[in-house]
Amino acid sequence: WVVLKALWLLITFQVPISQIGGPVATVSLIVTSAQASIINLFILVPLISANLAMFNLLPFPALDGAQMVFTGVEWVRKKPINQKVQGIINMCGLIFLLSFVVIVDILHFVLR
12 WVVLKALWLL
22 ITFQVPISQI
32 GGPVATVSLI
42 VTSAQASIIN
52 LFILVPLISA
62 NLAMFNLLPF
72 PALDGAQMVF
82 TGVEWVRKKP
92 INQKVQGIIN
102 MCGLIFLLSF
112 VVIVDILHFV
122 LR
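With my numbering as the guide, the letters of the sequence shown map in order to residues 12 to 123.
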């Protein structure tokens, strides 16, 4: 439930950008937690895993949630989506997602 609540807070823009981080911030948090106590690490790792699982299910291109949407559209239309169109949509989504992650990581450390 903590993961769903955090996702809701992100979607509704109730979390400041300085609180959001990408892979670099995640590794930094893991290192800090592990240095403080190994128990913190055992609490943090499942939370990160659950967050990644929920994020991956979002219906955004290049994520598994988008593949579920494509499958649903194919099921309703009774014919497959053009693979080139699907590839272009996923490529654009991936480029946007990777750009967003880099920007968020930079802002996380600048605004801190």
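Note that CB positions come from ideal geometry on N, CA and C, so glycine has one too.
query: State the DSSP-derived secondary structure class of N93, mapped to helix, strand or coil.; result: coil
query: Quick one: complete beta strand (DSSP E) runs, 3+ long, within the region 36–119?; result: none
query: Between I49, A61 and L108, which has its C-alpha nearest A17's C-alpha?; result: A61
query: If you follow the alpha helix (DSSP H) that V13 is part of, which residue opens it and which one closes it?; result: V13 to I22
query: With distances taken from CA atoms, which of V35, P91 and F66 is nearest W19?; result: F66
query: Could you work out which residue in Q94, T37 and N93 is closest to L55 when comparing CA atoms only?; result: T37
query: For A73 versus L108, is the C-beta spacing smaller than 9 angstroms?; result: yes
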